[in-house]
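J.:
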Amino acid sequence: MSRKVVLDQDECVGCESCVGICPEVFRFDADQGKAEVILAEGGPEDLIDESIASCPAQCIRWE
Numbered sequence: 053m054s055r056k057v058v059l060d061q062d063e064c065v066g067c068e069s070c071v072g073i074c075p076e077v078f079r080f081d082a083d084q085g086k087a088e089v090i091l092a093e094g095g096p097e098d099l100i101d102e103s104i105a106s107c108p109a110q111c112i113r114w115e
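If you want it as structure tokens, here you go:
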């Protein structure tokens, strides 16, 4: 079973760290002022792991 990346937008502080690290998977929603996942599966796992580790709100996780 493959994992997918999840971002809890309620907890996101809009720092854009994940977008800078892995723009293939995350983008910044200017209307919401928060990041969102655009590719939940199939992204570069090492960069997703780095995004998870760098998130100050700790709102990104694997499921």
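Here this note's numbering runs 52 ahead of the position in the sequence shown, where the first position is 1. Ideal placement from N, C-alpha and C gives every residue a C-beta, glycine not left out. Model, not experiment: these values are computed from the prediction.
1. Nearest by alpha-carbon distance to Ser54: which of Pro96, Ala109, Cys107, Asp83 is it?
2. DSSP on Leu99, reduced to helix/strand/coil?
3. Is the Cβ-Cβ distance between Glu93 and Lys56 less than 7 Å?
4. Quick one, are the C-beta atoms of Glu63 and Phe80 less than 7 Å apart?
5. Output needed for Cys90: all residues of its chain with C-beta closer than 6 Å, excluding positions within five of it in sequence on either side, in chain order.
T.: According to the structure data:
1. Numbered from its first residue, the sequence shown carries residue 54 at position 2. Cα-wise, what sits closest to Ser54 is Pro96.
2. Here residue 99 corresponds to residue number 47 of the sequence shown, with the count starting at 1. DSSP places Leu99 in helix when its eight states are reduced to three.
3. Within the sequence shown, the letter at position 41 stands for residue 93. Within the sequence shown, the letter at position 4 stands for residue 56. Against a cut-off of 7 Å, the Cβ pair of Lys56 and Glu93 comes out as a contact.
4. Indexing the sequence shown from 1 puts residue 63 at position 11. Indexing the sequence shown from 1 puts residue 80 at position 28. No. Outside cutoff.
5. Numbered from its first residue, the sequence shown carries residue 90 at position 38. Cys is not the amino acid found at residue 90; the sequence shown has Ile there. Taken in chain order, the residues that qualify are Arg79.
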